[in-house]
Amino acid sequence: MQRSPDLDNHSESPVHTEPPGEPVVHIRQLSKCYHRGGQIIPVLTNISFDIMHGEFIALMGPSGSGKSTLLNLIAGIDKPDSGLLKVNGTDIAALSESELADWRAANVGFIFQFYNLMPVLTAFDNVELPLLLTPLARDQRRRRVELALSMVGLRDRMEHYPSELSGGQQQRVAIARAIITDPALLVADEPTGDLDRSSANDILAMLERLNRELGKTIIMVTHDPHAAQSAHSIRHLEKGELELKKH
Amino acid sequence: MHFFKLILRNTLRHKLRSGLTVLGLVVAIIAFGLLRTVVDAWYAGAEGASSTRLVTRNAISLVFPLPINYQERIRKVDGVSAISHASWFGGVYVSEKNFFPQFAVDAKTYFDLYPEYVIAPQEMKAFRADRKGCVIGRKLANTHGFKVGDTIPLRGTIYPGSWNFTIRAIYDGAESATDTSQFFFHWNYLNETMKKAVARRTDWIGVYVIQISDPDRAAEISDEVDAMFRNSLAETLTETEKAFQLGFVSMTEAIVIAIRIVSFVVIFIILAVMANTMAMTARERIREYATLKALGFGPCFLAGLIYGESLMIALAGAAIGIVLTFPVAAQFSEQVGTLFPVFGVSRETVYMQAAAAAAVGLAASVLPALRAARVPIVDGLRSIG
Numbered sequence: 001m002q003r004s005p006d007l008d009n010h011s012e013s014p015v016h017t018e019p020p021g022e023p024v025v026h027i028r029q030l031s032k033c034y035h036r037g038g039q040i041i042p043v044l045t046n047i048s049f050d051i052m053h054g055e056f057i058a059l060m061g062p063s064g065s066g067k068s069t070l071l072n073l074i075a076g077i078d079k080p081d082s083g084l085l086k087v088n089g090t091d092i093a094a095l096s097e098s099e100l101a102d103w104r105a106a107n108v109g110f111i112f113q114f115y116n117l118m119p120v121l122t123a124f125d126n127v128e129l130p131l132l133l134t135p136l137a138r139d140q141r142r143r144r145v146e147l148a149l150s151m152v153g154l155r156d157r158m159e160h161y162p163s164e165l166s167g168g169q170q171q172r173v174a175i176a177r178a179i180i181t182d183p184a185l186l187v188a189d190e191p192t193g194d195l196d197r198s199s200a201n202d203i204l205a206m207l208e209r210l211n212r213e214l215g216k217t218i219i220m221v222t223h224d225p226h227a228a229q230s231a232h233s234i235r236h237l238e239k240g241e242l243e244l245k246k247h
Numbered sequence: 001m002h003f004f005k006l007i008l009r010n011t012l013r014h015k016l017r018s019g020l021t022v023l024g025l026v027v028a029i030i031a032f033g034l035l036r037t038v039v040d041a042w043y044a045g046a047e048g049a050s051s052t053r054l055v056t057r058n059a060i061s062l063v064f065p066l067p068i069n070y071q072e073r074i075r076k077v078d079g080v081s082a083i084s085h086a087s088w089f090g091g092v093y094v095s096e097k098n099f100f101p102q103f104a105v106d107a108k109t110y111f112d113l114y115p116e117y118v119i120a121p122q123e124m125k126a127f128r129a130d131r132k133g134c135v136i137g138r139k140l141a142n143t144h145g146f147k148v149g150d151t152i153p154l155r156g157t158i159y160p161g162s163w164n165f166t167i168r169a170i171y172d173g174a175e176s177a178t179d180t181s182q183f184f185f186h187w188n189y190l191n192e193t194m195k196k197a198v199a200r201r202t203d204w205i206g207v208y209v210i211q212i213s214d215p216d217r218a219a220e221i222s223d224e225v226d227a228m229f230r231n232s233l234a235e236t237l238t239e240t241e242k243a244f245q246l247g248f249v250s251m252t253e254a255i256v257i258a259i260r261i262v263s264f265v266v267i268f269i270i271l272a273v274m275a276n277t278m279a280m281t282a283r284e285r286i287r288e289y290a291t292l293k294a295l296g297f298g299p300c301f302l303a304g305l306i307y308g309e310s311l312m313i314a315l316a317g318a319a320i321g322i323v324l325t326f327p328v329a330a331q332f333s334e335q336v337g338t339l340f341p342v343f344g345v346s347r348e349t350v351y352m353q354a355a356a357a358a359a360v361g362l363a364a365s366v367l368p369a370l371r372a373a374r375v376p377i378v379d380g381l382r383s384i385g
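Residue numbers (the numbering used here), protein chains in the order written: chain U, 1 to 247; chain A, 1 to 385.
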């Protein structure tokens with residue numbers, strides 16, 4: 001997959017010029033707990049680690065270990081109770097809800113286990129959605145969407161609705177939607193969890209290429225050791241605490 | 001554009017559910033419009049009243065008559081430009097269900113005071129020349145298939161006996177709100193018949209209709225007329241024609257209030273149905289709303305989607321309902337005959353129907369929109385639609 005000069009050279013697109021060695025994600029003493037029925041359940045306890053620009057990491061661990069919670073915190077869809085959480089240089093824990101929404105739109109691409117596409121919109125419209133929050137004109141949006149769908153191999157399916165696509169194809173549409181605003185960070189929560197082995201391999205290969213060729217920083221939560229092998233490093237969460245495995 | 005596309009497609013997502021909700025709205029809007037039109041019909045007489053006409057009746061009650069000799073005394077009051085009189089006849093045509101108002105009037109003067117009753121000059125001439133002639137309204141003629149030259153037999157109730165009248169004229173209304181369901185005949189004929197049958201009931205009339213030149217002097221002239229007959233055997237009460245008509249409405253005010261309440265109950269019921277539809281819809285889509293939020297769309301966008309969908313359903317129901325109200329009202333009017341002399345869907349009723357539908361659309365989506373706007377993204381993504 002070639003990185004398109006169109007996607008890179010758009011003046012409207014966010015330009016990510018992280019200096020080498022600067023972490024994209026900087027976490028110190030991060031803690032999070034949930035309140036359930038009057039009980040306080042600690043999920044993450046004093047987590048500290050960095051994710052460098054261009055890294056592809058897999059977060060693994062048993063159910064309830066806090067990996068999805070950690071991913072949600074990094075993606076700015078949940079807030080920590082304490083600790084420092086900087087993403088792309090921004091202390092996102094200090095942002096208001098509306099600032100956080102703008103920040104997510106510009107900095108994070110989401111890939112969900114169940115794709116989370118809008119069933120009433122075509123593949124084209126789904127991919128275009130995040131661009132509606134940018135000042136891009138309709139023609140510019142169209143060019144970008146066509147390019148993104150070409151990159152995931154679905155240029156010929158852009159007028160199809162999600163229900164007319166296979167699971168693997170839907171996840172590819174979701175990936176196109178995740179990269180359409182050229183975010184620095186892609187977060188994927190069990191992106192292959194709902195797919196057969198062949199489709200899962202396609203998706204993993206696509207994520208690897210996005211990381212290798214477009215330089216995207218990817219954080220992937222997975223239960224699947226095979227999927228985790230695609231990452232540069234695997235971090236295991238066990239009862240809210242982190243350990244690192246490199247391969 | 002995408003916003004409206006999303007609203008439209010979401011609306012059409014569950015066609016059966018949306019269709020049934022629209023159907024419910026259509027029925028509610030028609031019922032609301034019909035009930036409002038019934039209330040309007042109740043007030044039609046008062047609405048169509050002239051500000052330059054006063055009505056003088058017996059101060060004790062409308063059922064007591066006034067002597068005919070009051071007429072010349074009233075005519076002399078300063079500000080009175082014309083005077084005529086009318087007496088309620090209360091006859092029955094074939095059976096009681098064929099009710100229509102019948103008045104014995106002064107054929108020479110009465111119609112000069114009512115320019116809204118449009119009568120061809122030759123027909124008017126024929127009516128005035130025939131003591132047993134009558135004038136009927138177009139709606140009455142159409143209801144019973146009467147035409148000029150036909151005989152209308154009436155069974156007297158207040159004035160006993162069998163009465164036969166020949167139709168000499170049919171009047172049209174100058175405006176759509178003019179009552180064309182009435183029947184007028186010569187008071188002279190009634191009075192002379194009474195002379196032979198019940199002598200003590202001669203030379204009495206029901207009410208005087210007074211034409212005044214300056215509506216601003218209505219109160220002053222009314223007082224002056226009533227003062228003339230104070231402490232007499234038949235004291236008078238003079239009021240504007242509108243107040244006189246509203247007096248009739250007030251006799252049945254409880255029914256009008258009940259109809260008004262029912263019309264709003266209908267709207268409240270459809271609001272509950274609509275709110276349930278929108279609550280179900282929003283609950284099913286919580287994960288989609290959470291996804292949109294994760295992508296950076298704000299709570300206002302989500303609330304807009306829900307409000308938009310609710311308004312689209314409500315306005316679709318309103319549009320169909322308003323259009324159908326007209327033929328339904330026409331059919332209703334035909335069924336009730338001359339019970340409501342003026343029965344038409346007013347512009348105000350249409351506005352109220354549209355406003356009620358919009359209010360239902362907005363109110364039904366308040367809670368679902370709040371819920372969607374407030375749901376934490378993480379919780380929303382976990383939800384199963």
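Here a beta-carbon is modelled for each residue, glycine too, at the ideal position from N, C-alpha and C.
Quick check on the burial criterion: 16 or more other C-beta atoms within 10 angstroms. Buried or exposed for residue i?
i                 : result
GLN353 of chain A : buried
ASP214 of chain A : exposed
HIS35 of chain U  : exposed
ASN72 of chain U  : buried
VAL80 of chain A  : buried
TYR351 of chain A : exposed
THR69 of chain U  : buried
ILE286 of chain A : buried
LYS293 of chain A : buried
HIS2 of chain A   : exposed
Determine whether the Cβ of residue i lies closer than 8 Å to any Cβ atom of chain A.
i                 : result
SER98 of chain U  : yes
MET158 of chain U : no
VAL120 of chain U : yes
PHE124 of chain U : no
ARG36 of chain U  : no
GLY61 of chain U  : no
ALA105 of chain U : yes
PRO42 of chain U  : no
ILE219 of chain U : no
THR94 of chain U  : The displayed chain sequence assigns Ala, not Thr, to residue 94 of chain U. It does not: the Cβ of ALA94 of chain U has no partner Cβ on chain A nearer than 8 Å.
LEU154 of chain U : no
Given residue i, which residues of its chain have a CB within under 8 Å of its CB, disregarding the five upstream and five downstream residues?
i                 : result
GLU238 of chain U : GLY61, PRO62 and SER65
ALA218 of chain A : SER51, LEU54, ILE212 and THR240
CYS300 of chain A : ALA373
To which residues does DSSP link residue i through a beta bridge?
i                 : result
HIS35 of chain U  : U:ILE40
PHE110 of chain U : U:VAL187
GLU238 of chain U : U:GLU241
VAL87 of chain U  : U:VAL25 and U:THR90
CYS300 of chain A : Answer by DSSP bridge pairing: none, since CYS300 of chain A is not bridged.
HIS232 of chain U : In the DSSP output, where bridge partners are listed per residue, HIS232 of chain U has none listed.
Tell me which same chain residues have a C-beta within less than 6 Å of the C-beta of residue i, skipping the five on either side of it?
i                 : result
ASN164 of chain A : THR151 and PRO153
ILE234 of chain U : ALA58, MET60, ALA228 and LYS245
PRO119 of chain U : PRO162
TRP204 of chain A : PRO65
GLY308 of chain A : ILE7
GLY90 of chain A  : THR157 and ILE158
Would you say residue i reaches chain U, if we count a Cβ-Cβ gap shorter than 8 Å as a contact?
i                 : result
ARG287 of chain A : yes
LEU35 of chain A  : no
HIS2 of chain A   : yes
ARG347 of chain A : no
THR291 of chain A : yes
ILE387 of chain A : A query on residue 387 of chain A cannot be resolved here, the shown segment of chain A reaching from 1 to 385 and no further.
ARG371 of chain A : no
ARG9 of chain A   : yes
PHE248 of chain A : no
LEU295 of chain A : yes
ARG13 of chain A  : yes
Does the beta-carbon distance from residue i to residue j come in below 8 Å?
i                 : j                 : result
ILE180 of chain U : ILE111 of chain U : no
ALA141 of chain A : ARG128 of chain A : no
GLU116 of chain A : GLU47 of chain A  : no
LEU190 of chain A : SER87 of chain A  : yes
ASP40 of chain A  : SER346 of chain A : yes
Can you give me the Cβ contacts of residue i inside the same chain, cut-off strictly under 7 Å, excluding the 5 residues immediately before and after it?
i                 : result
ASP8 of chain U   : Unreliable positioning characterises ASP8 of chain U in this predicted model, as indicated by a pLDDT of 43, which lies under 50. The coordinate reading is nonetheless provided below. Here the set comprises nothing.
ILE221 of chain A : LEU54, VAL77, GLY79, VAL80 and ILE212
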